[in-house]
Each structure stands twice: as C-alpha cells, then as structure tokens.
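Trainee: Protein sequence lines correspond, in order, to chains A and B.
Residue 195 in the UniProt record's numbering is what sits at position 195 of the first sequence, and the numbering runs on without skipping anything.
Residue 288 in the UniProt record's numbering is what sits at position 288 of the second sequence, and the numbering runs on without skipping anything.
Backbone N, C-alpha and C fix where the C-beta goes; we use that ideal spot for every residue, glycine too.
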Amino acid sequence: MISVSNLSKSYNGVSVLNIENLDIPAGECFGLVGNNGAGKTTFFSLLLDLIQPSSGYIKNKNIIVSESEEWKPFTSSFIDESFLIGYLTAEEYFYFIGDLRGQTKADVDEFLKQYADFFNDEILQKKKYLRNLSKGNQKKAGIIAALIGKPEMVILDEPFANLDPTTQIRLKKIIKDLDENTETTVLISSHDLIHVTEVCKRIVVLDKGEKVKDIQTSQATLEELEAYFNK
Amino acid sequence: MFKRFVSLEWKQFSRSSYFQKGIAIKILLGLAALWMIASALVLGVAAFFGIQKVMPDKDPITVVNNFVIYWFLADVAFRYFLQQLPVLNIKPYMVIPIKRSTVIHFLLGKTTISFFNFLPLFFFLPFSVLLIINDFAALQVIAWFFSMIFFTLSINYLNFLLNKNNKAFYLILTLLIAAILLEYYGVYSITEPAGYFFNTIYNKPYAVIIPLLLMIILYRFNFKFIRKDFYLDGAISKETKEVHTQELTWLNRFGKVAPFLKNDVRMIIRNKRPKQVLFMSVIFLFYGLIFYTQETYQDMPAFLAFASMFITGGFLMSFGQLVPSWDSEYYKLLMSQNIPYREYLKSKWLLMAVAVVISFILSTPYIYFGWDIYGMIAAGALFNMGLNSFITLYGGVLNRVPMELNVKAKAFSNTQGFNPTQLLIALPKIFGPMLIFYLPYKFINFEAGIIALAISGILGLVFTNFFLNKIEKVYQKNKYKTIAAFSEKK
Numbered sequence: 001m002i003s004v005s006n007l008s009k010s011y012n013g014v015s016v017l018n019i020e021n022l023d024i025p026a027g028e029c030f031g032l033v034g035n036n037g038a039g040k041t042t043f044f045s046l047l048l049d050l051i052q053p054s055s056g057y058i059k060n061k062n063i064i065v066s067e068s069e070e071w072k073p074f075t076s077s078f079i080d081e082s083f084l085i086g087y088l089t090a091e092e093y094f095y096f097i098g099d100l101r102g103q104t105k106a107d108v109d110e111f112l113k114q115y116a117d118f119f120n121d122e123i124l125q126k127k128k129y130l131r132n133l134s135k136g137n138q139k140k141a142g143i144i145a146a147l148i149g150k151p152e153m154v155i156l157d158e159p160f161a162n163l164d165p166t167t168q169i170r171l172k173k174i175i176k177d178l179d180e181n182t183e184t185t186v187l188i189s190s191h192d193l194i195h196v197t198e199v200c201k202r203i204v205v206l207d208k209g210e211k212v213k214d215i216q217t218s219q220a221t222l223e224e225l226e227a228y229f230n231k
Numbered sequence: 001m002f003k004r005f006v007s008l009e010w011k012q013f014s015r016s017s018y019f020q021k022g023i024a025i026k027i028l029l030g031l032a033a034l035w036m037i038a039s040a041l042v043l044g045v046a047a048f049f050g051i052q053k054v055m056p057d058k059d060p061i062t063v064v065n066n067f068v069i070y071w072f073l074a075d076v077a078f079r080y081f082l083q084q085l086p087v088l089n090i091k092p093y094m095v096i097p098i099k100r101s102t103v104i105h106f107l108l109g110k111t112t113i114s115f116f117n118f119l120p121l122f123f124f125l126p127f128s129v130l131l132i133i134n135d136f137a138a139l140q141v142i143a144w145f146f147s148m149i150f151f152t153l154s155i156n157y158l159n160f161l162l163n164k165n166n167k168a169f170y171l172i173l174t175l176l177i178a179a180i181l182l183e184y185y186g187v188y189s190i191t192e193p194a195g196y197f198f199n200t201i202y203n204k205p206y207a208v209i210i211p212l213l214l215m216i217i218l219y220r221f222n223f224k225f226i227r228k229d230f231y232l233d234g235a236i237s238k239e240t241k242e243v244h245t246q247e248l249t250w251l252n253r254f255g256k257v258a259p260f261l262k263n264d265v266r267m268i269i270r271n272k273r274p275k276q277v278l279f280m281s282v283i284f285l286f287y288g289l290i291f292y293t294q295e296t297y298q299d300m301p302a303f304l305a306f307a308s309m310f311i312t313g314g315f316l317m318s319f320g321q322l323v324p325s326w327d328s329e330y331y332k333l334l335m336s337q338n339i340p341y342r343e344y345l346k347s348k349w350l351l352m353a354v355a356v357v358i359s360f361i362l363s364t365p366y367i368y369f370g371w372d373i374y375g376m377i378a379a380g381a382l383f384n385m386g387l388n389s390f391i392t393l394y395g396g397v398l399n400r401v402p403m404e405l406n407v408k409a410k411a412f413s414n415t416q417g418f419n420p421t422q423l424l425i426a427l428p429k430i431f432g433p434m435l436i437f438y439l440p441y442k443f444i445n446f447e448a449g450i451i452a453l454a455i456s457g458i459l460g461l462v463f464t465n466f467f468l469n470k471i472e473k474v475y476q477k478n479k480y481k482t483i484a485a486f487s488e489k490k
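1) Compile a chain-ordered list of the residues in the segment 50-66 of chain A whose CB is closer than 7 Å to at least one CB of chain B.
2) Could you compute how far the alpha carbon of B:A411 sits from the alpha carbon of A:A26?
3) What would DSSP say about A:Q216, mapped onto helix, strand or coil?
4) Measure the C-alpha to C-alpha separation of B:L175 and A:G149 and round it to an integer number of angstroms.
5) Would you identify the three-state DSSP class for A:S55, choosing helix, strand or coil?
6) Taking 8 Å as the limit between beta carbons, can you name the residues of its chain near B:Y80, skipping five residues before and five after?
7) In this structure, how does DSSP classify A:L32 when only helix, strand and coil are distinguished?
8) What residue from B:L212, B:P433, B:Q476 has the CA that sits closest to B:S154's CA?
9) Distance, Cα to Cα, B:F116 vs B:Y188?
10) Based on DSSP bridge pairs, tell me the residues matched to A:T64.
11) Quick check on this structure: which residue in A:K127, A:F118, A:M153, A:L147 has the alpha carbon closest to the alpha carbon of A:G136?
12) What do you get for B:F145, buried or exposed, if any count of 16 or more other CB atoms within 10 angstroms of its CB means buried?
13) Could you compute how far the alpha carbon of B:R273 sits from the alpha carbon of B:L345?
14) Compare the C-beta of B:I483 with all C-beta atoms of chain A and state if any pair is closer than 8 Å.
15) Closest by CA to A:K126, which one among B:V243, B:E447, B:L427, B:G386?
16) If we count the other Cβ atoms within 10 Å of its Cβ and call it buried at 16 or more, is B:T312 buried or exposed?
17) So, with DSSP's three-state summary, where would you put A:K211?
18) Taking the straight line between their C-alpha atoms, what separation do you get for B:A32 and A:G102?
19) Assign B:V401 to one of three DSSP states: helix, strand, or coil.
20) Does any heavy atom of the ligand ATP sit closer than 7 Å to the C-beta of B:L398?
21) Name the two residues that bound the continuous alpha helix (DSSP H) containing A:D117.
22) Identify the residues that DSSP records as bridge partners of A:V16: which are they?
23) Starting from A:F78, trace the beta strand (DSSP E) both ways and give me its first and last residue.
24) List the residues of chain B that A:P159 touches, going by C-beta distances under 8 Å, in chain order.
25) For B:P402, would you say it is in contact with chain A, using Cβ-to-Cβ distances shorter than 8 Å as the test?
26) Let me confirm a value: B:Y219 is counted as buried when at least 16 other C-beta atoms fall within 10 Å, else exposed. Which label applies?
27) Starting from A:G86, find everything on chain B with Cβ-Cβ shorter than 8 Å and list it in chain order.
28) Let's test the definition: count the other Cβ atoms within 10 Å of the Cβ of B:D57 and tell me whether it reaches 16, buried, or not, exposed.
29) Looking at the structure shown, is A:D99 part of a helix, part of a strand, or coil, going by DSSP?
30) Considering only C-alpha positions, which residue in the set A:I19, A:E28, A:V212, A:I85 is nearest to A:L46?
31) Is any beta-carbon of chain B found at less than 8 Å from that of A:D121?
32) Comparing the C-beta of B:Y480 with each C-beta of chain A, is any distance below 8 Å?
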C-alpha cells in the first residue's frame with residue numbers, strides 16, 4: 001500500500017527525516033513511535049503531500065503522492081485541530097467530509113450510528129460549533145470523520161492524546177475492528193507504548209528521523225520498546 | 001520591563017513569514033509610504049501658499065481651521081479600516097509577575113507609534129513653520145500645532161475603542177451620516193461650529209488644554225476598558241451560544257461545488273471578520289452617490305466608470321482578496337482531502353459572481369441618475385464578474401496571512417487580513433476599468449466605452465475555464481508555501 005523510497009526531508013541542511021525504504025502492505029495496522037522530533041509528524045505530512053520531500057518519494061498504492069493527487073480519494077487523515085472546520089457543527093462537518101467522499105447525508109447518518117458509544121453523547125446534537133468543543137471532543141469528531149466513506153488508508157497522528165480513559169479504550173476497539181474486519185490500512189503514531197502495542201500489528205521506531213526498529217508485534221514487544229526508550 | 005516588551009514585539013514582527021515576503025513588494029510598499037508622506041508635505045506647503053493666493057483676504061490658518069474637521073473625520077474613517085492595531089498576545093503575561101497596568105500601558109503606548117500618527121505631522125509641521133515664518137504669532141501657532149497632534153492621538157485612541165466595540169462604531173457612523181445629510185440639505189452645518197471651535201483654539205493658546213484633556217480621557221477610557229476585561233473569561237474567552245445545524249439544501253443545485261458553497265455561506269454568517277466584509281460591501285453600494293452627485297465628475301467619465309465598478313464590486317473585492325486566507329484555519333484539511341482545487345476556486349468565484357449580481361439588482365435605484373449611469377453600472381458588473389473576479393483570485397495567492405475568522409476583541413489578537421499588499425494588487429482592478437472605458441470613449445463615444453467595458457467582462461466569462469486553469473496552476477505551485485504560512489502560530 002505504502003512504499004517509501006530514499007525519502008529524506010531536511011530544513012536548511014539539517015536532516016529531520018531519512019528513511020531508505022519502508023513498505024506497508026495493504027490492510028496492516030501500522031504504528032509509529034518515537035520521541036519528540038523523531039519525525040513522526042514529518043512523515044505523515046510527507047505522506048499527505050503537505051510538505052515536499054528533499055529527496056526520494058512516497059508511493060501510496062503506486063501513486064507518487066507529490067506528483068499526482070489520485071491518492072486523495074482513498075486516503076483520509078486526522079493530524080491535528082487544523083483538520084477541523086471550527087465554525088461548523090459536528091453534523092455539518094461530517095456531512096461536508098461525506099460530500100467530499102461521495103457519501104449522502106443518509107449514508108453518513110447511518111455510518112455515525114455505530115459510533116454512538118464512542119461519542120458518548122458529547123458530539124452530536126450538541127448545538128455547538130466544533131471550535132467550542134473541548135480538545136478531547138474535537139479529537140473524537142476528527143477521528144470519526146477520518147473514517148467516513150470507507151477509506152482504504154487512514155492516518156491518525158497521536159489519536160490517543162487528549163482522550164479520556166473510557167474513550168481511549170473505545171478507540172482501541174474501533175482501530176482493532178478496522179484492522180480485523182476491513183481491508184483498511186491504518187497508520188497511527190503514539191507516545192503511549194501500551195496502546196500502540198495493543199492495537200498495531202507492526203511497530204516502527206523512529207529516532208532523529210531514522211528508522212531504528214521494525215517490529216512485528218508480539219508478547220515481548222512492549223518490554224522491548226520500554227527497554228529501548230529507557231535509555 | 002518596557003524594554004523587554006519592545007524586544008518581544010520586534011521579534012514577533014521580524015520573524016513572521018508575513019514580513020519575509022518579496023523584496024520587490026517591500027520596496028513598493030516603502031515607495032507608497034514615501035509617496036503619502038510627500039503628498040502630505042506638499043499639501044502642507046501648498047495649503048499655505050494656495051490659500052494665500054486664492055483667498056488673499058483670509059488668514060490661511062482660519063481657512064484650514066474651517067475645514068480641518070473633514071481631515072479628522074477622514075482620519076477616523078481611514079484608521080478604522082486601515083490601521084492595524086498593534087496587539088500584544090496577553091495570555092502569557094497574565095501569570096507572570098508584571099503589573100497588569102504595565103502590560104496595558106505598553107499595549108496602548110504601542111499604538112502611538114503608528115504611521116497614521118506620523119502622517120499628520122508632515123502636513124501640520126510645514127504648515128506651522130510657514131505660518132511662523134510669515135509672522136503669525138509663534139506661541140499661538142505652536143499651541144495650535146500641539147492641539148492638532150493631540151487631536152490626532154485622540155483619534156488614535158478613539159479608533160482603538162471603535163475597533164473593539166461595534167456598537168460605538170455604528171453610533172459614530174450614524175452620527176456621521178446624519179451630519180453629512182443635515183449639511184447636504186442645508187438644515188444644519190457642522191463645519192461652522194467646528195470652524196469656530198478650531199479658530200478659538202488657535203486664538204486662545206491655553207485652549208490647547210482641551211485636546212490634551214480629550215486625549216488623556218480617551219486614554220484612560222481605553223485603559224479601563226481593557227483593565228476590566230483582563231481575565232481568561234473576559235476579553236479573551238470564547239463566546240458560546242446555542243447554534244443549529246443548517247442544511248442549506250437549496251445550494252445543492254450547484255452540483256460539485258455545492259459543499260464548498262455551503263461552507264462559505266456558513267463561514268460568512270458565523271464568523272466576525274467575514275460579517276464585517278459583508279457590511280463593507282453594503283457600504284460600497286453607496287459609492288456612486290459620491291461620484292454621480294458631484295458636478296466635477298460629470299466631465300470625467302473615466303472616474304464614473306471606476307465608481308460604477310465599485311458599486312457592484314464591494315463584496316467581490318473585499319472577500320476575494322482574502323481567498324484563500326478565509327480557509328487558513330483548516331487549510332491542511334482541504335489540501336489532504338479529496339478536493340479538486342478547481343472546484344474550490346470555482347465555488348469562490350461563483351460566490352463572488354452571485355454577490356455581483358445581487359449588488360447589481362440592489363443598485364437599480366441608480367436609474368434615477370439616468371440610463372447612461374445605469375448602463376455603466378451594468379458594464380461595471382460584467383467587468384467585475386468576468387475579469388475583476390479572476391484578478392482578485394489571482395491576487396489572493398500573494399496574500400498568505402493566516403486569518404482568525406472569529407475574533408472577539410481585536411485588541412488581543414491581530415487585525416489581520418487587511419494589509420498594504422492588497423492595496424497594491426488593487427491597482428489593476430482600479431485602473432483596468434478606467435482604461436478599458438476611457439480609450440474607446442475618447443476615440444469613439446460614450447456608448448463605445450460602455451460596450452467595451454461590457455465586452456471585456458463577457459470575454460472574461462467566455463474564458464472562465466482558461467482563467468480558472470491558470471489560477472489553479474498558480475495556487476498549486478504555491479501550495480506548500482501557503483500551507484507553511486497558514487500553519488504558523490499566531
């Protein structure tokens with residue numbers, strides 16, 4: 001699904017990301033961990049063509065993302081609050097995203113029903129604009145919006161941050177469900193090693209822009225990661 | 001403490017991407033500022049000699065005093081729309097040990113160092129010097145000079161209040177319109193008492209105390225206003241009220257661009273800044289009243305063509321010049337979603353074109369001034385839809401100022417969006433219709449001018465796709481730069 005080749009990004013000669021190759025097969029639930037400045041968000045931004053690579057390229061389903069926009073119809077993402085439109089209510093936002101992804105209003109309504117638990121009555125029919133929701137609730141809306149229209153590729157940057165414990169557990173369930181019951185490829189980054197080992201089948205550790213570990217998740221993974229970061 | 005504030009402000013200014021734009025634009029802006037200074041200077045000198053020549057029996061100072069009220073009124077209007085209020089991001093200073101009063105004094109003091117406060121100096125200073133050289137009482141002139149400076153600063157602080165308080169603005173606006181109407185219909189003239197007032201200030205040097213007090217009072221008023229709201233849940237809190245989901249299904253008829261149109265409509269009615277733009281475009285509708293009623297302009301149809309373009313182009317220009325800044329808050333979303341850039345641009349264009357049509361319908365009463373004028377307005381509307389809209393959209397790329405859509409109190413965040421770069425982009429929009437009209441008018445006749453203007457617009461409409469493609473390319477090319485500038489922290 002994703003194929004990275006000699007990808008690097010540097011600002012004024014300082015390299016912030018340098019990945020020689022990385023392949024993510026379709027349907028995989030892929031986790032990215034690393035300390036601040038490891039290059040996680042840079043990688044996602046490159047993947048979404050929000051910044052230009054200094055060299056190399058990323059292919060999303062054989063489409064070079066910086067050269068064609070054909071990857072957009074099957075890719076969706078929630079990186080930060082700038083992915084929300086503050087003056088819309090949550091419903092209007094969902095319908096807007098639905099419109100862009102060829103979903104009718106009824107489709108979206110039907111789709112949202114399954115996330116009633118996740119929303120915990122804090123998102124829909126609140127008569128509030130998204131900008132007036134709390135950080136956590138904004139995140140909930142953003143994450144679910146990224147799932148509208150059965151995208152083949154979902155990118156979530158730190159989805160667990162800012163969520164309350166109950167919602168974190170529910171989110172894990174949602175991601176696992178995506179992994180097991182659909183063909184969707186999920187890319188997430190996280191600072192929470194427990195969550196990421198729980199939901200991801202494969203974990204890549206970045207450090208200062210370099211790929212330092214590439215692990216197929218197993219019982220021992222959490223310990224291995226903790227040992228690595230406890231340096 | 002002040003020194004540290006100043007250094008922080010300087011860093012904020014010099015490190016923003018807005019400042020680091022092309023050197024050519026900077027030079028042009030510098031030239032524009034110099035030009036304004038030079039004109040003020042010339043005006044100051046010319047006022048003195050000109051008045052002496054035209055009205056040898058009158059004192060230049062008396063004549064200036066009679067009309068200086070207009071200068072100040074124009075100053076108020078200019079500042080309201082043009083002066084960017086220097087602002088201090090107040091939140092970080094709330095918890096560190098600096099006295100609130102210090103922060104506020106700095107905030108207010110900073111507004112003093114503005115181009116708008118220096119500009120009058122260039123008029124009043126040469127004028128006053130000339131007065132003294134020509135044997136007017138030095139003490140009186142100096143006192144008068146300072147009075148003018150104090151009035152200018154009073155306007156500076158008044159503008160601060162006006163900008164933060166829409167009610168105050170509407171109140172002043174109503175009073176102003178009332179005064180102009182009363183004057184126009186000869187019911188009551190404010191120029192007379194105003195002239196009397198300023199002459200008295202000149203004749204009695206100690207009266208300089210009046211503007212001084214006015215300035216101090218306005219300053220204190222500002223101070224109290226900000227002091228009162230210096231809390232998290234005060235001036236910088238967000239206002240929440242119940243809102244309802246709006247379907248706007250009637251926009252579905254526009255097909256592919258419908259989702260964007262819906263968003264734009266919601267954006268305009270739900271945010272403060274776009275609402276201001278909407279209000280401004282209504283004001284533009286009255287622009288013709290200035291030009292069509294003046295005898296002077298009847299022989300200058302090029303100016304009339306310009307005015308006619310303005311009547312229907314208010315929304316187009318004030319909204320269009322800030323595309324794509326309107327969407328700066330969620331630009332990354334738009335760039336990573338399944339959105340063809342063309343549809344996005346087309347929806348903006350459509351919105352502007354519809355606004356032109358609505359303005360044109362609203363301008364029907366101008367038939368009163370004759371069919372020639374109305375034909376001109378119609379031609380202007382076509383020019384707006386067909387050419388001006390594309391020029392404006394093209395100009396938008398140059399403007400990479402991130403905008404906060406819903407700013408409650410401008411005192412605590414930037415009055416963004418309006419900057420001199422846009423005035424620069426405005427030049428072809430202003431001189432375009434004048435030229436297109438004037439040349440055929442000069443060489444053939446009036447009707448030919450109108451037809452030429454209309455045809456230019458129709459041609460633009462015919463080549464809509466071509467223009468949209470070109471603009472799309474420019475937007476694409478600047479995509480990464482724009483994303484980077486928009487995601488800059490405010």
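Mentor: So, from the listed chains and residues:
1) For the segment 50-66 of chain A, which is checked against every Cβ of chain B, the residues closer than 7 Å are L50, I51, Q52.
2) Low per-residue confidence applies at B:A411: pLDDT is 31, beneath 50, and the placement is therefore not dependable, though the value from the model is reported in the following sentence. In a straight line, the C-alpha of B:A411 is about 51 Å away from that of A:A26.
3) Strand at A:Q216.
4) So the alpha carbons of these two residues sit roughly 55 Å apart.
5) It is a strand residue.
6) Once the five neighbours on either side are set aside, the close Cβ partners of B:Y80 are N159, L162, N163, F169.
7) Strand at A:L32.
8) From the listed residues B:L212, B:P433, B:Q476, the smallest Cα separation to B:S154 is found for B:L212.
9) Approximately 31 Å between the Cα atoms of the pair.
10) Just to set this straight, residue 64 of chain A is Ile in the shown sequence, not Thr. Answer by DSSP bridge pairing, in chain order: A:K59.
11) Nearest C-alpha to A:G136: A:F118.
12) B:F145 should be labelled buried.
13) Each residue's alpha carbon lies about 20 Å from the other.
14) In terms of beta-carbon proximity, B:I483 lines the interface with chain A, with at least one pair separated by less than 8 Å.
15) Comparing Cα positions, the closest option is B:V243.
16) Looking at its Cβ environment, which holds 16 or more other Cβ atoms inside 10 Å, B:T312 is buried.
17) Three-state DSSP puts A:K211 in a strand.
18) If I take the Cα positions, the gap works out to 49 Å.
19) Coil.
20) Inclusion of the ligand ATP in the displayed structure is not the case, the ligand content being empty and no account of it being possible.
21) In the DSSP assignment, A:D117 falls within the unbroken alpha helix (DSSP H) covering 116-119.
22) DSSP lists no partner for A:V16.
23) Start and end: 75-78.
24) Near A:P159 there are no residues of chain B at all, since even the closest Cβ is about 16 Å away, more than 8 Å.
25) Not closer than 8 Å to any Cβ of chain A, the Cβ of B:P402 fails to qualify, so no.
26) Counting Cβ neighbours within 10 Å, B:Y219 comes out buried, since at least 16 surround it.
27) Near A:G86 (Cβ distances below 8 Å), the residues of chain B are E329, Y330, L405, N406.
28) Exposed, by the Cβ-count rule.
29) The answer is helix: DSSP assigns A:D99 an H, G or I state.
30) Considering only alpha carbons, the answer is A:I19.
31) False, the Cβ-Cβ gap to chain B never drops below 8 Å.
32) Judged by the 8 Å Cβ criterion, B:Y480 is in contact with chain A.
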